[in-house]
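Number of protein chains: 2
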Amino acid sequence: MDTLKYKLTIAYDGTAYQGWQIQKIGTGVQEKVEEGLARLFPSKPRLHSSSRTDTGVHALGMVAHFEVPRAEGSMSAQKLSLALNAWIPPDIRIMAATRAHASFHARFDAVGKQYRYFVWNHRAMNPLLRHSAWHVPRKLNLASMRQAAVHLPGKHDFQCFSANPGYTKATTVRTLTRCKIQAAGPLLTFIIEGDGFLYRMCRGIVGTLVQVGQGKFQPDDVRGMLESKIRSSAGMSAPAAGLALWKVRYPKKGASNLNPGADSAIQC
Amino acid sequence: MDTLKYKLTIAYDGTAYQGWQIQKIGTGVQEKVEEGLARLFPSKPRLHSSSRTDTGVHALGMVAHFEVPRAEGSMSAQKLSLALNAWIPPDIRIMAATRAHASFHARFDAVGKQYRYFVWNHRAMNPLLRHSAWHVPRKLNLASMRQAAVHLPGKHDFQCFSANPGYTKATTVRTLTRCKIQAAGPLLTFIIEGDGFLYRMCRGIVGTLVQVGQGKFQPDDVRGMLESKIRSSAGMSAPAAGLALWKVRYPKKGASNLNPGADSAIQC
């Protein structure tokens, strides 16, 4: 069948959702966007996303693609995002829509992802961040945390930070390209970028770095954690609400994307 | 009567409230904090604030003081903020509590205030900022806006930006010490600081600067607006949700504050 493919960049406040994926109990973000698509396309297209996010996790630059029969594809990509935003709730927004090459796949073509994690490090929580940051009341040692973070970029087996109990077949080696902590007063922003992420890996990394900042681990302990490949050797998993999928990277050039050079990024 | 005075620094998400002040219809933030105080102090102290904020406006560093009979004041200031936070809703937080000098007055002693205003300048709204930023979809000319903002610091009659219809007696001259626009991708942060603000003055300034960015005014038009002293010569009033009272400044030294050197600031 002759079809057209579209690529969507989606932002959401994950507070009200049971994560990205369609759920048996509760509502997934995917479901809401597919309901919107069904209003616009009689074929009721299914979405294929770059990633799945857990309950309460947010996104600014989630990417997903869908296909419709060519006969349904008369709408411009620009108009599509406006029309779709009119049918989905305000806590989910289509940030961009573009036509994509027939071979484009949001998940398989992704070459990198950036997550951001927000920590509010002050005695009392900032009420405006209560659904989008982790409240850590006790003063953290930022220098130690940054010293620990230095050990993470590179090609490592990240199994110790992942909540998945058994990676028996698939590799647990990933390449982290960035792990940086920015501080603006009590607000800490963890910027974590890599070619791929294991299940809950970001939250394991942030939880561990925060525990370094609390003195529960020494900065250099992180090396031993990586070597151990055992979840229990690393620190806690940071809560979901502080995490956001910030952007997904695709090859700048190549046949897999009609929109070369466009990272799915809302630069911020 | 022998009394003790306390100074509170209060943050709130103003979305659910009809502003700071106690309202005949709807709920004010003040009311919620006073209900909490009534749980801790039998004398049911009243709060006196540095400022009033409108419906939907937020705060990170609102300051208020209250007095209790000395007999009720056995609680340490540190414990007070914890105890009070347990009795008030999570969209209001006591960020700091300190003892204050008997002569301290949150409103009369304030020597400066900083407001921040957030604009999300992108086709689609960032869902995480939907209650705390103004969504301006069309691309703004940041250079023009900054050029216009240059005219605002200094001692001026700011009546043209204020929604108050008649300042017949009180002076409408204020000194602005800072008017700066920071950009981080689509997020614009307006930092506006001064010795005092007229009613809705910040929102008038931001609305006008945004309209400069849209080309509806030229940057130098701002001088004429100030000179005119007429509201209709300036631009629109920006919506409440983007505005936050960021901090209130008090004299660093002097008899009016037991806690010298402590601005009521949550630096961010």
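Taken in sequence, the protein lines are chains S and H.
The opening residue of the first sequence carries number 1 in my numbering; numbering runs sequentially from there.
The opening residue of the second sequence carries number 269 in my numbering; numbering runs sequentially from there.
From the three backbone atoms N, C-alpha and C, an ideal C-beta is built for every residue, glycine too.
Exposed unless 16 or more other CB atoms sit within 10 angstroms - verdict on residue i
| i | result |
| --- | --- |
| S:Ser50 | buried |
| S:Pro90 | exposed |
| S:Gln218 | exposed |
| S:Gly235 | buried |
| S:Pro42 | exposed |
| S:Pro127 | buried |
| H:Pro454 | buried |
| S:Asp2 | exposed |
| S:Pro260 | With a pLDDT of 37 at S:Pro260, under the threshold of 50, the modelled position of this residue cannot be trusted, and the question is left open. |
| S:Pro45 | buried |
| S:Thr171 | exposed |
| H:Val418 | exposed |
| S:Val111 | exposed |
| H:Ala506 | buried |
| S:Ser232 | exposed |
| H:Asn432 | exposed |
| S:Gln182 | exposed |
| H:Glu495 | exposed |
| H:Arg517 | buried |
| S:Ala255 | With a pLDDT of only 40 at S:Ala255, under 50, the local geometry of the prediction cannot be trusted, and no value is derived from it. |
For residue i, three-class secondary structure by DSSP
| i | result |
| --- | --- |
| H:Val379 | coil |
| S:Pro127 | helix |
| H:Asp261 | The first residue shown for chain H is 269 and the last is 536, placing residue 261 of chain H beyond what the model contains. |
| H:Arg314 | coil |
| S:Met236 | coil |
| S:Val222 | helix |
| S:Ser228 | helix |
| H:Ala374 | coil |
| H:Ala279 | strand |
| S:Ala241 | helix |
| H:Tyr385 | strand |
| S:Asp2 | coil |
| H:His333 | strand |
| H:Lys515 | strand |
Below-7 Å beta-carbon distance, residue i vs any chain H residue
| i | result |
| --- | --- |
| S:His151 | no |
| S:Asp54 | no |
| S:Ala86 | no |
| S:Ala11 | yes |
| S:Arg93 | yes |
| S:Ser49 | no |
| S:Arg99 | no |
| S:Val248 | no |
Residue-chain proximity (residue i, chain S), Cβ-Cβ < 7 Å
| i | result |
| --- | --- |
| H:Asn394 | yes |
| H:Pro358 | yes |
| H:Arg446 | no |
| H:Ser496 | no |
| H:Ser400 | yes |
| H:Leu326 | In the sequence on display, residue 326 of chain H carries His and not Leu. Answer yes: the Cβ-Cβ gap between H:His326 and chain S drops below 7 Å somewhere. |
| H:Ala530 | Note that H:Ala530 scores 46 on pLDDT, short of 50, meaning its location in the model is unreliable; the coordinates nonetheless yield the value given after this. Chain S contact via Cβ: absent. |
Next on the checklist: Count Cβ pairs between the stretch 90-106 of chain S and the stretch 140-147 of chain S that sit closer than 8 Å; are there 3 or more?
Outcome noted: Using a Cβ-Cβ distance cut-off of 8 Å, the stretch 90-106 of chain S and the stretch 140-147 of chain S are not in contact, since fewer than three pairs of beta carbons, one from each stretch, lie closer than that value.
Item to check | Continuous beta strand (DSSP E) assignments of at least 3 residues falling wholly in the stretch 69-104 of chain S | outcome: List check, beta strand (DSSP E) in window: 92-100.
Next on the checklist: With three or more beta-carbon pairs closer than 8 Å as the criterion, would you say the stretch 325-338 of chain H touches the stretch 269-285 of chain H?
Outcome noted: A contact is defined here as three or more CB-CB pairs under 8 Å, and the stretch 325-338 of chain H meets this definition with respect to the stretch 269-285 of chain H.
Checklist entry - Enumerated in chain order, which unbroken segments of the beta strand (DSSP E) with a length of 3 residues or greater are wholly contained in the stretch 404-485 of chain H? => result The stretch 404-485 of chain H contains, as complete beta strand (DSSP E) runs of 3+ residues, the segments 422-425, 441-452, 455-462 (chain order).
Checklist entry - Are the stretch 334-344 of chain H and the stretch 478-495 of chain H in contact at 8 Å, needing three or more beta carbon pairs? => result These segments do not touch.
Next on the checklist: Contact between the stretch 150-158 of chain S and the stretch 175-195 of chain S is defined here as three or more beta-carbon pairs at a separation below 8 Å; is this criterion met?
Outcome noted: Yes, they touch.
Checklist entry - Can you list the beta strand (DSSP E) stretches of 3 or more residues lying completely in the stretch 282-329 of chain H, in chain order? => result Qualifying beta strand (DSSP E) stretches: none in this window.
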